[in-house]
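Visitor: Under numbering that gives the first Met the number 0, think of the first position of the sequence shown as 0, with each following residue one higher.
The beta-carbon is built from N, C-alpha and C at its ideal position, and this holds for glycine as well.
This is the structure, below, for whatever I ask next.
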Amino acid sequence: MATIPSPAQTLLGSDAVAHVWTTNPDGSPQVSVVWVIAQEDEIVFGCDGDSVKARNLATDPSILLSIEDTERNERGFQRHLVIRGKARIEPGPDPELMDKLAVKYTGLKRHPLAMRDSPSALIVRVTIDRISGVGPWIDESD
Numbered sequence: 000m001a002t003i004p005s006p007a008q009t010l011l012g013s014d015a016v017a018h019v020w021t022t023n024p025d026g027s028p029q030v031s032v033v034w035v036i037a038q039e040d041e042i043v044f045g046c047d048g049d050s051v052k053a054r055n056l057a058t059d060p061s062i063l064l065s066i067e068d069t070e071r072n073e074r075g076f077q078r079h080l081v082i083r084g085k086a087r088i089e090p091g092p093d094p095e096l097m098d099k100l101a102v103k104y105t106g107l108k109r110h111p112l113a114m115r116d117s118p119s120a121l122i123v124r125v126t127i128d129r130i131s132g133v134g135p136w137i138d139e140s141d
């Protein structure tokens, strides 16, 4: 399990959304946008248990997240963080987590969607295998 470097923690603490890739049963990619939060050395988000991403992760826990930064590096490339890992699904709901995400992304104290209290809500915890991308979270001299 990789630890999350400080610059990546900063990006994950911002309001940048994560693009999440899972694998469909036919092997094709499925992409969705989620609100994420870092907790210790895991990335956490919520989703509905009936969603395609939840069904895909139940079959294959491999996951990739891409988070775009607002800055460019000295060569002009858009900075972005890529996280490859394994997802662990926990039954939800977790209203406290959903409300933290709502504050982070919208400034609202309560998550605006019914998923906050939905019995079909799940929590996804991503254990990081590898961090890459363009930014201060990797050694760009490699």
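What alpha helix (DSSP H) runs, 4 residues minimum, are completely inside the segment 69 to 124?
Guide: Here the runs fully enclosed are 94 to 105.
Visitor: Please state whether DSSP places Asp141 in a helix, a strand or coil.
Guide: The count along the sequence shown starts at 1 and reaches residue 141 at position 142. Residue confidence for Asp141 is low, a pLDDT of 42 falling below 50, so the modelled location carries little weight; the figure read from the coordinates is stated next. Asp141 falls in the coil class under three-state DSSP.
Visitor: Where does Val32 fall in DSSP's three states?
Guide: Counting from 1 along the sequence shown, the entry for residue 32 is found at position 33. Note: Val32 maps to strand in three-state DSSP.
Visitor: Specify, as a first and last residue, the run of the alpha helix (DSSP H) that Ala53 falls within.
Guide: For this step, residue 53 is matched to residue 54 along the sequence shown. 51 to 58 is the extent of the alpha helix (DSSP H) around Ala53.
Visitor: Cα-Cα, which of Glu67, Ser5, Arg83 is closest to Gln77?
Guide: The residue given as residue 77 occupies position 78 in the sequence shown. Selected option, being the one with the closest Cα: Glu67.
Visitor: Can at least three beta-carbon pairs, one atom from the segment 95 to 106 and one from the segment 57 to 75, be found at a separation below 8 Å?
Guide: As far as the Cβ criterion goes, the segment 95 to 106 does not touch the segment 57 to 75, which means the pair count is below three.
Visitor: Using CA atoms only, rank isn't needed, just tell me which of Ala53, Val125, Ile82 is closest to Pro24.
Guide: As a first step, residue 24 must be located in the sequence shown, where it is residue number 25. The residue with the shortest Cα to Cα distance from Pro24 is Ala53.
Visitor: The beta strand (DSSP E) spanning Thr21 covers which residue range?
Guide: Numbered from its first residue, the sequence shown carries residue 21 at position 22. Unbroken beta strand (DSSP E) run through Thr21: 17 to 22.
Visitor: State buried or exposed for Gly106, treating a residue as buried only when at least 16 other CB atoms are found within 10 Å of its CB.
Guide: Position 107 of the sequence shown, counting from 1, holds the residue named residue 106. Exposed is the call here.
Visitor: Taking only the alpha-carbon atoms, compute the straight-line gap between Ser140 and Leu11 and give it to the nearest angstrom.
Guide: Numbered from 1 along the sequence shown, position 141 holds the residue referred to as residue 140. Numbered from 1 along the sequence shown, position 12 holds the residue referred to as residue 11. Residue confidence is low: Ser140 scores 48 on pLDDT, short of 50, so the model does not pin down where it sits. No coordinate-derived value is stated.
Visitor: How about Ile127 and Ala15: are their beta carbons less than 8 Å apart?
Guide: Locating residue 127 in the sequence shown gives position 128, counting from the first residue. Locating residue 15 in the sequence shown gives position 16, counting from the first residue. No, these two residues do not count as a Cβ contact at 8 Å.
Visitor: Where does Thr2 fall in DSSP's three states?
Guide: What you label residue 2 is simply residue 3 of the sequence shown in a count that begins at 1. It is coil, neither helix nor strand.
Visitor: Am I right that Glu70 and Leu121 are in contact with their C-beta atoms under 8 Å? What's the rounded C-beta distance?
Guide: Residue numbering aside, residue 70 sits at position 71 when the sequence shown is read from its first letter. Residue numbering aside, residue 121 sits at position 122 when the sequence shown is read from its first letter. Glu70 to Leu121, Cβ: 33 Å. No contact.
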